[in-house]
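Written as structure tokens, this is what we have:
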């Protein structure tokens, strides 16, 4: 599940200043039960509930809030239903919930209505006009008639959503009439004190700059917070220190991924003046998602908090206990704790040079062990060796070397494999995608350069090809295979790409000998989608039985 949470708490103090606390998490990707292998990241969805509940309660009657969830890549009702139990005040759509028709319809029919207008994404709509997938914006009134906060929501310019959804470009969406309505300023309780843009968009991307510029055109001096996501990074952007922009009223924060951190942003705004000399202040902090640190953030020590009245309140609540019980029951029901084996090392997605030499790189494991020794690829190698052995009876099969190159996107594997017990949940965590494995025979060095988008002879850079129309779409359905048999052409958007000229070149050579659908046994099945065009994303040559420095042209 991917979640982005915002909690806004406003209180009016004697100094006539509006104080806001924004709590923000993003790209949770299913990490709702803590981190089994990382004891310092033991907070779960129940703890997140407690954090929001206690901080909102602490603000007494002067509280308001909003939360943003990027939904879930998991097809099914469980996580959506659990999310409903958290006291978010608003949510925004994200890319992983737009993967299948069934999931989109479920959201429109069962999830969006629950939030009563506060599930927002202005550039996303259902093709069926009778279904409301998300609203465009909403406002939150401040206490004591001090004005309001406007909440906007946007998804990046996504090009590979399911066929029953439309994702408009952000630039075109910002020209629509609703923006005039959303940002129409007023007096007293209609005065806009703060704009929060919930952006499932990476902080540096053009769409974020477009949103900032559109708000500034209508509200030059109203503080703007852009809560960003999608790139899995911890980032802040103070636009006041950007020499090209110089906008001290705007600030962006992106809070990582996988329930590693909770981002906290404190915003102080003068309540009495629109004078541009009176600037807002922005103070951020990334809090480790452990039970201890989340309790500390809400003023708890060892699960307890003493009130000014002398009463003691406790961290755990009936709702959080129910959420935790639900997760444990679902975990058992789906057999996620099934032991598959034992990992001899901690295999890392980003190993250092020493760990690479020791064979502890995760991609080394996949390419040099799994692809090489398991499944249909291994069978093909055996066939090639057998053919050679039949030609030369004196040659031993194991003496025949079949040079191979494996190409994977750098984000095709999503997490480390930790030393020790390996469960089905670990496999889901490391490789949650359904993938298509393409095997080419007799691809030489020149082929590889073209395939990778580089022709060193001509110096041409090949772009924008799509590796998606080789087989009938039915081959993508109902395929099951041992979880070790996975590989393929993949990138961080779970899409496939090959440079156009590279595809044409290989098709002309007629070297494509086998195409297989590779799927895994996942407790939470991901969507079976035909790969679509992904523009401008390059693949990494990660490992090979070739000497990569000696590829012959």
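Residue numbers (mature numbering (1 follows the signal peptide of the UniProt record, and there is no 0)): -16 to -1, 1 to 537. All C-beta atoms, glycine included, are put in the ideal place defined by N, C-alpha and C.
Next item on the list: Could you name the residues that DSSP lists as bridge partners for residue 123?
Entry: 134
Next item on the list: Following the continuous beta strand (DSSP E) through residue 218, name the residue where it begins and the one where it ends.
Entry: 218 to 222
Next item on the list: Determine the burial state of residue 210: buried for a count of at least 16 other Cβ atoms within 10 Å of its Cβ, exposed for fewer.
Entry: Here residue 210 is buried, its C-beta having at least 16 other C-beta atoms within 10 Å.
Margin query: Out of 268, 189, 76, which one is the CA nearest neighbour of residue 106?
Written below: 76
Note to self: Is it the case that the segment 155 to 164 contacts the segment 220 to 229, given that we only count it when at least three CB pairs across the two stretches are under 8 Å?
What the structure shows: no
Notebook entry, point to check: Whole-angstrom Cβ separation of residue 216 and residue 247, contact assumed at under 8 Å?
Noted result: So it is not a contact: roughly 13 Å between Cβ atoms.
Note to self: In this structure, how does DSSP classify residue 465 when only helix, strand and coil are distinguished?
What the structure shows: Any reading at residue 465 is ruled out, since the residue's pLDDT is 26, under 50, leaving its predicted position unreliable.
Note to self: Among 221, 145, 252, whose alpha-carbon lies nearest the alpha-carbon of residue 177?
What the structure shows: 252
Next item on the list: For residue 243, count neighbouring C-beta atoms within 10 Å of its own C-beta (all shown protein chains included) and say buried if the count is 16 or more, exposed if not.
Entry: buried
Margin query: Taking the beta carbon of residue 264 as the centre, do at least 16 other beta carbons fall within 10 Å, making it buried, or is it exposed?
Written below: buried
Note to self: Contact defined as beta carbons within less than 8 Å: I believe residue 538 pairs with residue 18. What is the distance between those atoms, to the nearest angstrom?
What the structure shows: Lying before the first or after the last residue shown, residue 538 is absent from the chain, which here runs from -16 to 537.
Item checked: Close Cβ partners of residue 322 (< 7 Å) along its chain, the five nearest in sequence each way excluded -> 407, 408
Margin query: Just to confirm, is the Cβ distance from residue 214 to residue 10 under 9 Å?
Written below: yes
Checklist line | Rounded separation between residue 2 and residue 126 - CA only | finding: Straight-line Cα distance between these residues: approximately 9 Å.
Item checked: Start-to-end residues for the alpha helix (DSSP H) that takes in residue 229 -> That residue, residue 229, is in no alpha helix (DSSP H); it is neither H nor E in DSSP.
Margin query: Please classify residue 334 as buried or exposed, where buried requires at least 16 neighbouring CB atoms within 10 angstroms.
Written below: exposed
Next item on the list: Identify the continuous beta strand (DSSP E) that holds residue 63 and give its terminal residues.
Entry: Element bounds for residue 63: not the beta strand (DSSP E) but the alpha helix (DSSP H), 62 to 67.
Next item on the list: Following the continuous beta strand (DSSP E) through residue 266, name the residue where it begins and the one where it ends.
Entry: 265 to 272
Checklist line | Cut-off 8 Å between Cβ atoms - residues of its own chain near residue 305, not counting five sequence neighbours on either side | finding: 30
Item checked: Same chain, Cβ closer than 7 Å to residue 15, five either side skipped, listed in chain order -> 242, 243
Notebook entry, point to check: Distance, Cα to Cα, residue 67 vs residue 98?
Noted result: 11 Å
Checklist line | With 16 other Cβ atoms within 10 Å as the buried cut-off, status of residue 294 | finding: exposed
Next item on the list: Would you mind giving the Cβ-Cβ distance between residue 220 and residue 138, rounded to the nearest angstrom? I have them listed as a contact below 8 Å.
Entry: Residue 220 to residue 138, Cβ: 19 Å. No contact.
Item checked: Rounded straight-line distance, which links the Cα of residue 149 to that of residue 120 -> 15 Å
Check: Are residue 245 and residue 273 touching if we call contact CB-CB under 9 Å?
Finding: Cβ atoms of residue 245 and residue 273: closer than 9 Å.
Notebook entry, point to check: In the DSSP assignment, what are the bridge partners of residue 75?
Noted result: Under the DSSP definition of a beta bridge, residue 75 partners with 103.
Notebook entry, point to check: How many angstroms separate the CA atom of residue 165 from the CA atom of residue 222?
Noted result: 27 Å
Next item on the list: Work out the CA separation of residue 200 and residue 130 for me, nearest whole Å.
Entry: Approximately 22 Å between the Cα atoms of the pair.
Next item on the list: Go ahead and pull the three-state DSSP assignment for residue 399.
Entry: coil
Checklist line | Three-state secondary structure assigned by DSSP to residue 284 | finding: For residue 284, the secondary structure class from DSSP, reduced to helix, strand or coil, is coil.
Notebook entry, point to check: How is residue 128 classed by DSSP in three states: helix, strand or coil?
Noted result: helix
Next item on the list: Pull up the distance between the alpha-carbon of residue 469 and that of residue 325, whole angstroms please.
Entry: Confidence at residue 469 is low in this model, with a pLDDT of 25, below 50, so the placement of that residue should be treated as unreliable; the coordinate-derived value is given next. Distance between the alpha carbons of residue 469 and residue 325 is about 16 Å.
Check: Under the three-state reduction of DSSP, which class applies to residue 305: helix, strand or coil?
Finding: helix
Notebook entry, point to check: Excluding five sequence neighbours on each side, which residues of the same chain lie with their C-beta closer than 6 Å to the C-beta of residue 175?
Noted result: 131
Check: Can you name the residues that DSSP bridges to residue 405?
Finding: DSSP, once it has assigned bridges, lists 326 as partnering residue 405.
Check: Per DSSP, what kind of secondary structure is residue 378 in: helix, strand or coil?
Finding: Any answer about residue 378 is weak, because its pLDDT of 44 lies below 50 and its placement is not dependable; what the coordinates show is given next. Secondary structure of residue 378 (DSSP, three-state): coil.
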